[in-house]
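Colleague: Mapping of the sequence shown onto numbering that gives the first Met the number 0: position 344 corresponds to residue 343, and the numbering continues sequentially without gaps. Where a beta carbon is used, it is the ideal one built from N, C-alpha and C, also for glycine.
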Amino acid sequence: MKSSAKIALAIIAACCAAGVSAQNTYSGYFLENYNYRFQMNPAMGNADNFVSMPALGNLNLAMRGTLHLSSVLYNYDGRTVLFTNPNIPASEVMSNIKDKNRLGAEIKLGVLSAGFKAWGGYNTIAVNAVAGVNLNVPGSFFSLAKEGISNRTYDIKDMSARATAYAEIALGHSRDIKQVPGLRVGMGLKFLVGMAGVDAYFNRAHLTLGRDSWTATTNADIYANVGGFQFDRKTDSKTGREYVSGANLDGDGSIGPNGFGLGFDLGATYRWRDFNFSLAVLDLGFINFSDTKYASTDGDRTVDTDSYIFNPNDDADNSFDREWDRLRGDLDNLYQLTDHGDTGSRTRALGATLNVGVEYTFPLYRKLHFGLLSTTRIDGRYSWSEARVSAGVHPVKCFSADVNFVAGTFGVGFGWLVNLHTKGFNLFLGMDRTLGEVSKQFVPLNSNASVNFGINFPF
Numbered sequence: 000m001k002s003s004a005k006i007a008l009a010i011i012a013a014c015c016a017a018g019v020s021a022q023n024t025y026s027g028y029f030l031e032n033y034n035y036r037f038q039m040n041p042a043m044g045n046a047d048n049f050v051s052m053p054a055l056g057n058l059n060l061a062m063r064g065t066l067h068l069s070s071v072l073y074n075y076d077g078r079t080v081l082f083t084n085p086n087i088p089a090s091e092v093m094s095n096i097k098d099k100n101r102l103g104a105e106i107k108l109g110v111l112s113a114g115f116k117a118w119g120g121y122n123t124i125a126v127n128a129v130a131g132v133n134l135n136v137p138g139s140f141f142s143l144a145k146e147g148i149s150n151r152t153y154d155i156k157d158m159s160a161r162a163t164a165y166a167e168i169a170l171g172h173s174r175d176i177k178q179v180p181g182l183r184v185g186m187g188l189k190f191l192v193g194m195a196g197v198d199a200y201f202n203r204a205h206l207t208l209g210r211d212s213w214t215a216t217t218n219a220d221i222y223a224n225v226g227g228f229q230f231d232r233k234t235d236s237k238t239g240r241e242y243v244s245g246a247n248l249d250g251d252g253s254i255g256p257n258g259f260g261l262g263f264d265l266g267a268t269y270r271w272r273d274f275n276f277s278l279a280v281l282d283l284g285f286i287n288f289s290d291t292k293y294a295s296t297d298g299d300r301t302v303d304t305d306s307y308i309f310n311p312n313d314d315a316d317n318s319f320d321r322e323w324d325r326l327r328g329d330l331d332n333l334y335q336l337t338d339h340g341d342t343g344s345r346t347r348a349l350g351a352t353l354n355v356g357v358e359y360t361f362p363l364y365r366k367l368h369f370g371l372l373s374t375t376r377i378d379g380r381y382s383w384s385e386a387r388v389s390a391g392v393h394p395v396k397c398f399s400a401d402v403n404f405v406a407g408t409f410g411v412g413f414g415w416l417v418n419l420h421t422k423g424f425n426l427f428l429g430m431d432r433t434l435g436e437v438s439k440q441f442v443p444l445n446s447n448a449s450v451n452f453g454i455n456f457p458f
């Protein structure tokens, strides 16, 4: 893959600069008359029927990350520069970089949704478009990009990226269980149409850069399920070996449906006195993608050479800086993946989510509610968890609001949601993690932000 390190760095910078994530807005989990609580727990119904405004009924955009903007962007002489700028000390940069860094970005667009009472309970139907990307980047990658030859050995392992895009048609039903007073259960069924899926695993890049020679051992695999996708190839002039040099979407086929799958949501709530307990498991399912383009190093690939002679004299033709620039150009060839072509279908599990909550109604003012919610995403190397403490109020029938504090894998933050709900019209706006002056009290220049907006028509 041509200049793998530069490509990965560009992806990281893009995700830090402009983000998207949070498939559901958990600031609304306990909020009165928030129409989309059923997407976080299918046992939760609504007091009214509703239909969404097409494409604007429920828009979720956000970004999560343990790598903050202030770790990769710096102010130098009145300008914003990337951490690789030579005027930013390496010691300062690396003190802000963790050993393991996570970034995630997603968008969930509610194309059309509706909810109605029938068949002994509450029923929902939703058509959604979902897309997201997740990255795991080790701190050693930033060390190589920043320090170069000054750190003689680099062990870059477990760097990975995942991108997914699909459409879903979700059907849900919830009802009270009369035999167990206070208990309500619900279930959702999702029909999935996979549009694209990419998994890239840069499993290993162990580099030993010596004065008179260097050795590199690399291991990588890439799976791509995108219509029209194909790898570009070049031939190594020294070995005659053909390897992957890039990718494009100009191959046979077109961008469109590239797989199908199923998903299930299960949920329950139980009210006891002033407490309401809730439990839900979301996105139990899979997508089976077709036409998998696969490229790999086929295990460990080792390159050992003595063609680089480093001279400590800065004015020499083979000075450290000049040889390092030449060596970095040849590092492009380290991940010489073999194009294995179309290897057939590939099944990927959805990332499941576990929500556990408890809500308390304040007895002296029953329009005030407090909530505690634990959310855990179970998705292998991209798993995360958080806990959210909420306070919600609905002083009048047409208005409700929630504020909350969150802490977890991606640090701490502040969330909120306001909901205007009248007969015939509903407007809500909120953020699970807030950017701006308020959030700076928790994490300066953090990379976590979200927005949830929707217009619906209750009846």
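Nearest to L188 by CA position, among E31, N40 and W415, is which residue?
Modeller: The residue with the shortest Cα to Cα distance from L188 is N40.
Colleague: Is the Cβ-Cβ distance between M194 and A162 less than 8 Å?
Modeller: no
Colleague: For the beta strand (DSSP E) that F115 lies in, which residues bound it at each end?
Modeller: Per DSSP, F115 belongs to the beta strand (DSSP E) from K99 to A117.
Colleague: Indicate, with yes or no, if the ligand COA has a heavy atom lying under 7 Å from the CB of I377.
Modeller: By its list of ligands, the structure shown contains no ligand whatsoever, and the ligand COA lies outside what it can speak to.
Colleague: Under DSSP, the alpha helix (DSSP H) around E358 begins and ends at which residues?
Modeller: Counting along the chain, E358 falls outside any alpha helix (DSSP H), though it belongs to the beta strand (DSSP E) covering A351 to T360.
Colleague: With burial defined as no fewer than 16 other Cβ atoms inside 10 Å of the residue's Cβ, what is the status of E463: buried or exposed?
Modeller: Outside the shown range of the chain, which is 0 to 458, sits residue 463, and nothing can be said about it.
Colleague: Hey, how far is the Cα of F82 from the Cα of E146?
Modeller: If you draw a straight line from the Cα of F82 to the Cα of E146, it comes to about 11 Å.
Colleague: Is DSSP giving G138 helix, strand or coil here?
Modeller: Of the three classes helix, strand and coil, the one that applies to G138 here is helix, per DSSP.
Colleague: If you compare alpha carbons, which of L182, N86 and V450 is closest to G469?
Modeller: Past the boundaries of the shown model lies residue 469; the chain is included only from 0 to 458, so the question cannot be answered.
Colleague: Does P88 pass the burial test, meaning 16 or more other C-beta atoms within 10 Å, or should it be called exposed?
Modeller: Classified as exposed, P88 has fewer than 16 neighbouring CB atoms from the shown chains inside 10 Å of its CB.
Colleague: Does the region 113 to 128 touch the region 164 to 180, meaning 3 or more C-beta pairs lie closer than 8 Å?
Modeller: yes
Colleague: Which residues bound the alpha helix (DSSP H) around M93?
Modeller: A89 to S94
Colleague: Would you mind giving the Cβ-Cβ distance between L102 and G64, rounded to the nearest angstrom? I have them listed as a contact below 8 Å.
Modeller: For a cut-off of 8 Å, the C-beta gap from L102 to G64 is around 4 Å, short enough to register as a contact.
Colleague: Go ahead and label D299 buried or exposed: buried means 16 or more other beta carbons lie within 10 angstroms of its beta carbon, across all protein chains shown.
Modeller: exposed
Colleague: Check N34 in the structure and name its three-state DSSP category.
Modeller: helix
Colleague: Look at the alpha carbon of F259 and the alpha carbon of A406, and state the distance between them as a whole number of angstroms.
Modeller: It is roughly 35 Å from the alpha-carbon of F259 to the alpha-carbon of A406.
Colleague: Leaving aside the five residues before and after F141 along the sequence, list all residues of the same chain whose C-beta is less than 6 Å from its C-beta, in chain order.
Modeller: I96
Colleague: Are there 16 or more other CB atoms within 10 angstroms of the CB of T79, so buried, or fewer, so exposed?
Modeller: exposed
Colleague: When the Cβ atoms of the region 351 to 364 are set against those of the region 272 to 284, are three or more pairs found closer than 8 Å?
Modeller: yes
Colleague: State the start and end residues of the unbroken alpha helix (DSSP H) segment that holds S70.
Modeller: L68 to V71
Colleague: Could you round the C-beta distance between L416 and A400 to whole angstroms and report it? I think they count as a contact, below 8 Å.
Modeller: Their Cβ separation, rounded to whole angstroms, is 7 Å, which keeps L416 and A400 in contact under 8 Å.
Colleague: Compare the beta carbon distance of N528 and S289 with 8 Å and say whether it is the shorter of the two.
Modeller: A query on residue 528 cannot be resolved here, the shown segment of the chain reaching from 0 to 458 and no further.
Colleague: What is the rounded straight-line gap between the Cα of N45 and the Cα of N32?
Modeller: If you take the alpha carbons of N45 and N32, they lie about 7 Å apart.
Colleague: Based on Cα-Cα distance, which residue from V388, N133 and G245 lies nearest to L372?
Modeller: V388
Colleague: Given S20, which residues of its chain have a CB within under 6 Å of its CB, disregarding the five upstream and five downstream residues?
Modeller: With a pLDDT of 39 at S20, under the threshold of 50, the predicted position of this residue should be treated as unreliable, though the coordinate-derived value follows. If we look at S20 and ignore the five residues flanking it on each side, its Cβ neighbours are A61, M62, R63, G103, A104 and E105.
Colleague: Using the DSSP secondary-structure output, state which residues sit across from L283 in a beta bridge.
Modeller: F263
Colleague: To the nearest angstrom, how far is it from the Cα of G262 to the Cα of T216?
Modeller: 40 Å
Colleague: Between R380, F361 and F413, which lies nearest to P394 when the distance is taken from Cα to Cα?
Modeller: F361
Colleague: Output the distance between the C-alpha atoms of D98 and P137, rounded to the nearest integer angstrom.
Modeller: 6 Å
Colleague: Would you say V280 lies against chain C (beta-carbon separation less than 8 Å)?
Modeller: Included in the structure is just one protein chain, with no chain C present.
Colleague: Within 10 angstroms of its Cβ, does A164 collect 16 or more other Cβ (buried), or is it exposed?
Modeller: A164 counts as buried, since no fewer than 16 other beta carbons sit within 10 angstroms of its beta carbon.
Colleague: Would you report the Cα separation of T296 and Q335, rounded to the nearest angstrom?
Modeller: 6 Å
Colleague: Buried or exposed for N86, going by 16 or more other Cβ atoms inside 10 Å?
Modeller: exposed
Colleague: If we call anything under 8 Å between Cβ atoms a contact, is R345 one with T291?
Modeller: yes
Colleague: Kindly indicate the opening and closing residues of the beta strand (DSSP E) around S159.
Modeller: T152 to D175
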